[in-house]
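One structure is given below, encoded as structure tokens.
There are 2 protein chains.
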Amino acid sequence: MIGTAFIVDDDEAIRDALTWLFKSRQVACREWDSAEAFLADWQKSMRGCLVLDVRMDDMSGPELFDHLAERGSQLPVIFLSGHGDIPLAVAAVKKGAFDFVEKPFNDNELVDRVIQALAFNASQQKRHEGQATLASHLAQITPREREVMERILDGKYNKVIADELNIAMRTVEVHRARIFEKMGVKSAVELAQLLSGLK
Amino acid sequence: MIGTAFIVDDDEAIRDALTWLFKSRQVACREWDSAEAFLADWQKSMRGCLVLDVRMDDMSGPELFDHLAERGSQLPVIFLSGHGDIPLAVAAVKKGAFDFVEKPFNDNELVDRVIQALAFNASQQKRHEGQATLASHLAQITPREREVMERILDGKYNKVIADELNIAMRTVEVHRARIFEKMGVKSAVELAQLLSGLK
DNA sequence: GCGGCAATTGTGGTTATCCGCAACCCTGCC
DNA sequence: GGCAGGGTTGCGGATAACCACAATTGCCGC
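As given, the protein sequences belong to chains A and B, one line each in that order.
Numbering follows my numbering, in which position 26 of the first sequence is assigned residue number 26; successive positions increment by one, without gaps.
So my numbering is basically just the index in the second sequence, starting at one, shifted up by 199.
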């Protein structure tokens with residue numbers, strides 16, 4: 001199994017029950033007794049999913065969720081709620097919570113969802129690695145090259161680009177070659193496809 | 200205001216209240232007393248949003264939602280629920296419902312959400328028009344041209360494409376020109392960007 | 001059988017892209 | 001001052017793309 005289930009709940013009985021439940025299905029887990037404690041330990045590199053109680057003292061589950069979102073957390077979150085607060089559940093799901101389940105929950109269903117969340121996180125991870133690679137390539141592009149690149153993506157001829165930037169065509173060609181090299185592509189078409197997902 | 204609020208509820212009192220409420224805020228609306236009735240009248244060209252009761256005889260709100268989704272409806276749906284069923288709400292939102300509000304609802308907030316849904320539908324509409332234009336252009340592409348197009352998008356040289364398809368380079372050039380013409384682009388880069396959103 | 005459409009190919013010429021080789025200018029840094 | 005890196009440019013040639021003009025083949029429907 002890839003990733004760990006991170007249990008955050010101020011009720012020790014619940015934590016123990018969840019830990020036992022997860023262990024029984026070979027799902028690795030760790031536990032925290034407060035949102036603050038988890039936030040203190042949280043690192044962007046964490047892989048897994050969060051099983052998060054809604055109602056807790058001081059910082060609530062949704063509050064922790066928001067804080068993590070601000071910090072760029074990619075962890076899928078499964079909320080556990082003990083009282084049927086629909087607006088809360090709807091708000092959480094709309095903000096991207098992976099799931100929102102009511103207590104008492106069905107043990108098997110919960111673990112199934114956790115496993116799905118772990119798989120989701122793993123696949124999301126790969127996507128982000130790709131984006132990171134892309135970003136690191138983009139970071140190597142100098143400002144001038146960026147200007148040229150934008151115009152290449154507009155399908156403009158080197159001649160036109162040279163004209164717009166008031167430089168020689170040869171210079172554009174050099175920039176163009178450098179851009180392709182730095183971005184790891186072989187043609188303008190590949191470059192366009194590589195960057196098509198961005199702004 | 201662009202679009203209409205489509206009210207579907209088997210409770211006449213609720214329908215009347217909603218109609219009055221919407222009229223008071225200059226939001227056009229129509230009403231149906233059952234999911235079946237709405238489904239019978241539904242057309243893909245409808246513009247607006249659906250205000251849908253969860254619990255109804257025969258076909259429920261979520262069931263109607265599913266049916267509409269199958270038929271390619273783009274209407275945002277705001278569910279009205281009289282009983283705090285969290286799993287239902289969570290399932291609805293995860294399946295793409297625009298919102299899920301509990302009765303009794305706050306009048307102003309509901310209308311605000313409806314207006315947001317109408318705006319959302321209008322903007323989604325424009326996106327879909329663009330896709331439709333793209334699709335109509337793609338439909339003009341012959342099978343052979345498609346084969347060439349795929350290879351162009353792989354950044355392959357005409358020479359290579361000719362080789363792969365066992366035809367003359369000149370033929371590839373002709374196809375290439377026809378593709379650009381039919382798709383309304385001027386270069387392979389533009390073509391790549393145009394089709395980047397697809398599979 | 002004729003007209004239309006898709007697919008095909010050739011010739012010849014213009015325009016663009018792609019590259020190696022060389023070189024100059026400027027800025028920031030040790 | 002020397003060195004590195006980014007931006008710049010020229011020359012010349014190989015390769016690819018783009019295009020107008022022209023033509024052949026095969027399938028389909030009226």
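Every residue, glycine too, gets a C-beta built ideally from N, C-alpha and C.
{"query": "Rounded straight-line distance, which links the Cα of His-282 (chain B) to that of Asp-9 (chain A)", "result": "27 angstroms"}
{"query": "Residue-level contact to chain A via CB, Ser-395 (chain B), 8 angstroms cutoff", "result": "yes"}
{"query": "Beta-bridge pairing of Leu-393 (chain B) - partner residues as DSSP gives them", "result": "Paired residues: none, contrary to the question."}
{"query": "Residue range of the unbroken alpha helix (DSSP H) whose run includes Asp-362 (chain B)", "result": "357 to 364"}
{"query": "Exposed unless 16 or more other CB atoms sit within 10 angstroms - verdict on Arg-113 (chain A)", "result": "buried"}
{"query": "Buried versus exposed call for Glu-308 (chain B) [16 or more other C-beta atoms within 10 Å across all chains shown]", "result": "exposed"}
{"query": "Whole-angstrom distance between Leu-50 (chain A) and Gly-3 (chain A), CA atom to CA atom", "result": "10 angstroms"}
{"query": "For Ser-200 (chain A), the three-state DSSP class (helix, strand or coil)", "result": "The structure shown has nothing for residue 200 (chain A), since chain A only spans 1 to 199."}
{"query": "Under 8 angstroms from the C-beta of Leu-352 (chain B): neighbouring residues of chain A", "result": "Val-189 and Gln-193"}
{"query": "Below-8 angstroms beta-carbon distance, Asp-11 (chain A) vs any chain B residue", "result": "no"}
{"query": "Cβ-heavy atom distance, Lys-44 (chain A) to the ligand FAD, below 7 angstroms", "result": "The ligand FAD is not among the ligands present in this structure, which contains no ligands whatsoever."}
{"query": "Beta-carbon spacing of Pro-194 (chain A), Met-183 (chain A) below 8 angstroms", "result": "Position check: residue 194 (chain A) holds Leu in this sequence, whereas Pro was assumed. Their beta carbons are under 8 angstroms apart, which means Leu-194 (chain A) touches Met-183 (chain A) by this criterion."}
{"query": "Span of the alpha helix (DSSP H), counted from its first residue to its last, around Trp-219 (chain B)", "result": "211 to 223"}
{"query": "Identity of the residues DSSP links to Thr-4 (chain A) by a beta bridge", "result": "A:Gly-48"}
{"query": "Near-chain A residues of the stretch 355 to 387 of chain B (beta-carbon distance less than 7 angstroms), N- to C-terminal order", "result": "Lys-385, Ser-386 and Ala-387"}
{"query": "Simplified DSSP assignment, three categories, for Arg-270 (chain B)", "result": "coil"}
{"query": "is_contact[Ala-288 (chain B), chain A] using C-beta, thresh 8 angstroms", "result": "yes"}
{"query": "Segment limits, alpha helix (DSSP H) that includes Asp-298 (chain B)", "result": "Element bounds for Asp-298 (chain B): not the alpha helix (DSSP H) but the beta strand (DSSP E), 298 to 301."}
{"query": "8 angstroms Cβ cutoff, Glu-109 (chain A) in contact with chain B", "result": "no"}
{"query": "Under 9 angstroms from the C-beta of Asp-298 (chain B): neighbouring residues of chain A", "result": "Val-90 and Lys-94"}
{"query": "Minimum C-alpha distance to Gly-396 (chain B) - residue among B:Gly-329, B:Ala-290 and B:Leu-274", "result": "B:Gly-329"}
{"query": "As assigned by DSSP and simplified to three states, the class of Asp-311 (chain B)", "result": "helix"}
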